[in-house]
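Peer 1: Quick mapping for you: the protein sequence lines, in order, are chains A and B.
Each residue of the first sequence is one higher than the last, beginning at 46 in my numbering.
Each residue of the second sequence is one higher than the last, beginning at 31 in my numbering.
Even glycine gets a Cβ: it sits at the ideal position worked out from N, Cα and C.
Just dropping this structure here.
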Amino acid sequence: MAARVVITGMGIVSPIGIGITQFWESALRGQSGISSIKSFGDLPMEGYRSRIAGLIPSFQPPDPEEDKFSSRVDRYAQMALMATKEAIHDSGLCLEYERAERLGVMAGVGMGGMMMGERELTNLYDSQKPHRVHPNFIPTITLNSASGIVALAVGAKGPNLTVSTACSSSIHAIGQAMQCIRQGQADMMVAVGADATITPLVFAGFCSLRALSTKYQDQPSQASRPFDRGRDGFVMGEGAGALILESLQHATRRKARIYAEVAGYAATSEAYHMVIPKQDGLDIARTMSLALQDAKIEAKQIDYINAHATSTVVGDEVEVKGLRTVFGKRMEKILVNATKSLIGHTLGASGAIATIASTLSLNHSIIHPTINYTDPDPNCALPGISVKSQKKSLKTALVNAFGFGSNNAVLVLKKYS
Amino acid sequence: MTMSQPSSNGLHQRVYSTLGDYLRRNPETLHPEDSLRDDLGLDSLQTIELVYQVESTFDIQIPDEDFGRLQTIGDVAAYLDERTGSNHTHFPPTDASTNAKKPNTHSTTKSKAQTRSKNGPQ
């Protein structure tokens, strides 16, 4: 019988708070982390269709004297490292007493070290000197630099992998970390999602894709508005979320605090379009059904859904179609929220951050508001969405994430008992 | 290849300052005989980074065949002394683009590298 997998620690770096306590307090208040981008160096900001994002100006990597790892990686991996350290501390794991071979790392990363990538490319063309490309460029931009540096920092010698599936990366990372434990490859896994690519080129790329909100440049806090009639695209964010997953046996043996059980996971492809979800939502529905099946939970048992809900016109509608397909009339009762309404879309970090929010909700019997849901779109309105925090005893939660490349990921969480 | 650290020499001050910046150490605590690997604890990537820093600061390119000779702080200082000082014949500039834009006024003999840079791809 496969091992049961539980969450025993969490850490976060987000636009509404660094650290779980600050994040959760801000989330319950409905605080927006969206602000104006002041500049991209000398580039004219008026050339950008969108000029707002979920930034974390207070994030500073540790002093290299105190942390020899952070100075060697890009901003996204620095955030991953900081979130992981908090999660390890939160879990109470004493790593010096644990078998390093039984601890693994599974990172979810969408864009990776593009910050350094862009800088070095610019320097190369400006200087015309290929030998001026920084020697740490390649180790920094590789998509597994976060999982690598995290493994180094915590001394993890088990599986050390990176999943890159765009916006669904870290739901897959958590799911695959769970699989590692279920299959006996590890007793403990750091599952971490991170992205920090609000950079001149990447941001311009999302602008060109016409994926970003442009109507609320002067009211940044109102721009991310999932399920609302006034939504017009997503808002990019940056951040990291880390969770410590353990086999139930390992966690109970060391008398760890257990936040929740990761009960089910499913991964599917729509094989439809690189960036557009299929309009009928049937593959999304299929993914949720598979995750419920994996968790051995019936649809009628789900109490709360943390929706992918990026605030794009098409995406939110399709997700609700999928939800209605799986949950039917029960969607009138299930609580639903969208963490992206608060912090924007943190790409590879978004699934991990949504899972953290869901886990906290299971523990505190309250879900954070979906801000800016002031004019519900009849095409995707649900009674369970509210601009206010909602208190309710919750036993189960479902977390959705869908990504470019036609892929879907769903997690099912259970309150541990 | 080691040498003393003359405080009055502007070049050496720049060398030690550059090394100190990378190593996050007071340049005065660096000694010519300090081994980059054994005394300063640099791994191979860090050594490459340090040399990169030196290349950037002094606007030179250090070829692979010279790189292996840089084992100590003194080696680096002496190497730069030879590359950027009066004795250029042992370590000819290899930065083709730099050579193309800035004729080496210190060198009295045309190096193989300079010859190659003229004949090589543009």
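Step through the CB atoms of chain B and report whether any lies within less than 8 Å of the CB of Arg299(A).
Peer 2: Not one chain B Cβ lies under 8 Å of Arg299(A).
Peer 1: Considering only DSSP beta bridges, list what Lys436(A) is partnered with.
Peer 2: Answer is Ile411(A).
Peer 1: If you run the structure through DSSP and keep just helix, strand and coil, what is Asp240(A)?
Peer 2: In this structure, Asp240(A) counts as strand in the three-state DSSP scheme.
Peer 1: Taking Gln324(A) as the reference, which of Asn424(A), Gly56(A), Asn382(A) has the closest Cα?
Peer 2: For the residues Asn424(A), Gly56(A), Asn382(A), the minimum Cα distance to Gln324(A) belongs to Asn424(A).
Peer 1: Would you mind stating whether Gly367(A) and Gly326(A) have Cβ atoms separated by less than 8 Å?
Peer 2: In this structure, Gly326(A) lies closer than 8 Å to Gly367(A) by Cβ.
Peer 1: Is there a Cβ of chain B sitting closer than 8 Å to that of Asn168(A), yes or no?
Peer 2: Judged by the 8 Å Cβ criterion, Asn168(A) is not in contact with chain B.
Peer 1: Compute the distance between the beta-carbons of Ile168(A) and Glu79(B), then report whether it is under 8 Å.
Peer 2: Here the sequence assigns Asn to residue 168(A), which means Ile is not the residue at that position. Not in contact: Asn168(A) and Glu79(B) (Cβ atoms no closer than 8 Å).
Peer 1: For chain A, check one thing: does any of its Cβ atoms lie closer than 8 Å to the Cβ of Ser74(B)?
Peer 2: Not closer than 8 Å to any Cβ of chain A, the Cβ of Ser74(B) fails to qualify, so no.
Peer 1: Using a Cβ-Cβ distance cut-off of 8 Å, determine whether Glu95(B) contacts chain A.
Peer 2: So no, Glu95(B) is outside the interface.
Peer 1: For a contact defined as C-beta to C-beta under 9 Å, what are the partners of Arg67(B) on chain A?
Peer 2: Within 9 Å Cβ-Cβ: nothing; Arg67(B) doesn't reach chain A, min ~16 Å.
Peer 1: Answer with yes or no whether the minimum CB distance from Arg54(B) to chain A is below 8 Å.
Peer 2: Yes, contact with chain A.
Peer 1: Can you say whether Gln294(A) is buried or exposed, counting buried as having 16 or more other CB atoms within 10 angstroms of its CB?
Peer 2: It is exposed - the Cβ of Gln294(A) has fewer than 16 other Cβ atoms within 10 Å.
Peer 1: Ignore the nearest five residues each way along the sequence and tell me which others in Glu91(A)'s own chain have a CB closer than 8 Å to its CB.
Peer 2: Result list for Glu91(A): empty, nothing under 8 Å.
Peer 1: In or out: Asp135(A) buried (at least 16 other Cβ within 10 Å) or exposed?
Peer 2: By the neighbour-count rule (16 or more Cβ atoms within 10 Å), Asp135(A) is buried.
Peer 1: Would you kindly work out how many angstroms separate the C-alpha atoms of Val289(A) and Lys202(A), rounded to a whole number?
Peer 2: Residue identity check: residue 289(A) is Ile in the sequence provided, not Val. One C-alpha to the other measures close to 15 Å.
Peer 1: Can you check whether the CB of Pro109(A) is closer than 8 Å to the CB of Gly149(A)?
Peer 2: In this structure, Pro109(A) does not lie closer than 8 Å to Gly149(A) by Cβ.
Peer 1: Counting only Cβ pairs nearer than 9 Å, list the residues of chain B close to Pro109(A).
Peer 2: The contacting residues are Arg54.
Peer 1: To the nearest angstrom, how far is the alpha carbon of Ser127(B) from that of Glu165(A)?
Peer 2: The predicted position of Ser127(B) is uncertain, since its pLDDT is 33 and thus under 50; a value taken from the coordinates is nonetheless stated next. Computed Cα separation, rounded: 18 Å.
Peer 1: Between Leu337(A) and Ala330(A), how many whole angstroms is the CB-CB distance? I'm expecting something under 8 Å.
Peer 2: Rounded, the Cβ-Cβ distance is 11 Å, inconsistent with contact.
Peer 1: Tell me the residue span of the alpha helix (DSSP H) that contains Thr53(A).
Peer 2: Note, Thr53(A): premise wrong, no alpha helix (DSSP H); beta strand (DSSP E) at 50-59.
Peer 1: Considering only residues of the same chain and omitting the five flanking positions on each side of Tyr46(B), which have a CB-CB separation below 6 Å?
Peer 2: Closer than 6 Å at the Cβ level, and outside the excluded window around Tyr46(B), lie Pro57, Leu60.
Peer 1: Kindly say whether Gln43(B), judged by its beta-carbon, lies nearer than 8 Å to any beta-carbon of chain A.
Peer 2: It does not; no Cβ of chain A falls within 8 Å.
Peer 1: Would you kindly report the start and end of the unbroken alpha helix (DSSP H) that includes Ser314(A)?
Peer 2: Per DSSP, Ser314(A) belongs to no alpha helix (DSSP H); it is in the beta strand (DSSP E), 305-314.
Peer 1: Under 8 Å between C-beta atoms, does Tyr82(B) make it to chain A?
Peer 2: Closer than 8 Å: yes.
Peer 1: Measure the alpha-carbon distance for Ala446(A) versus Glu111(A) and round it to whole angstroms.
Peer 2: Distance between the alpha carbons of Ala446(A) and Glu111(A) is about 36 Å.
Peer 1: Within 10 angstroms of its Cβ, does Leu322(A) collect 16 or more other Cβ (buried), or is it exposed?
Peer 2: Per the sequence presented here, residue 322(A) reads as Pro, with Leu not at that position. Its Cβ being crowded by 16 or more others within 10 Å, Pro322(A) is buried.
Peer 1: Distance, Cα to Cα, Val58(A) vs Leu405(A)?
Peer 2: Approximately 15 Å, taken between the alpha carbons.
Peer 1: Between the alpha carbons of Ser115(A) and Leu197(A), how many angstroms are there, rounded?
Peer 2: In a straight line, the C-alpha of Ser115(A) is about 11 Å away from that of Leu197(A).
Peer 1: What distance in whole Å lies between the Cβ atoms of His353(A) and Phe280(A), which are believed to be in contact at a cut-off of 8 Å?
Peer 2: The sequence given here has Val at residue 280(A), not Phe. The Cβ separation is near 14 Å, so there is no contact.
Peer 1: Can you list the residues of chain B that Arg120(A) reaches, using a CB-CB cut of under 9 Å?
Peer 2: Going along chain B, no residue has its Cβ under 9 Å from Arg120(A), so there is no contact; the nearest lies around 18 Å.
Peer 1: Which bits of chain B does Pro180(A) rub up against, with CB to CB less than 9 Å?
Peer 2: Here the neighbours are Leu75, Ile78, Glu79, Val81, Tyr82.
Peer 1: Which residues in the same chain have their Cβ closer than 6 Å to the Cβ of Gly429(A), if we skip the five residues on either side of it in sequence?
Peer 2: The answer, listed in chain order, is Ile379, Leu380, Val381.
Peer 1: Mind pulling the chain A residues with CB within less than 7 Å of Glu86(B)?
Peer 2: For the record, residue 86(B) in the displayed sequence is Ser; it is not Glu. Here the neighbours are Arg177.
Peer 1: What whole-angstrom Cβ distance do Thr207(A) and Leu188(A) have, given they're in contact under 8 Å?
Peer 2: Confirmed, Cβ separation roughly 5 Å.
Peer 1: My guess is that Gly158(A) and Tyr121(A) are in contact by the Cβ rule of under 8 Å, so how many angstroms apart are they, rounded?
Peer 2: About 7 Å separates the two Cβ atoms, so the contact holds.
Peer 1: For Ile416(A), which residues in the same chain have their Cβ closer than 7 Å to its Cβ, ignoring the five residues on either side in sequence?
Peer 2: The residues are Gly75, Ser77, Ser386, Leu387, Val432.
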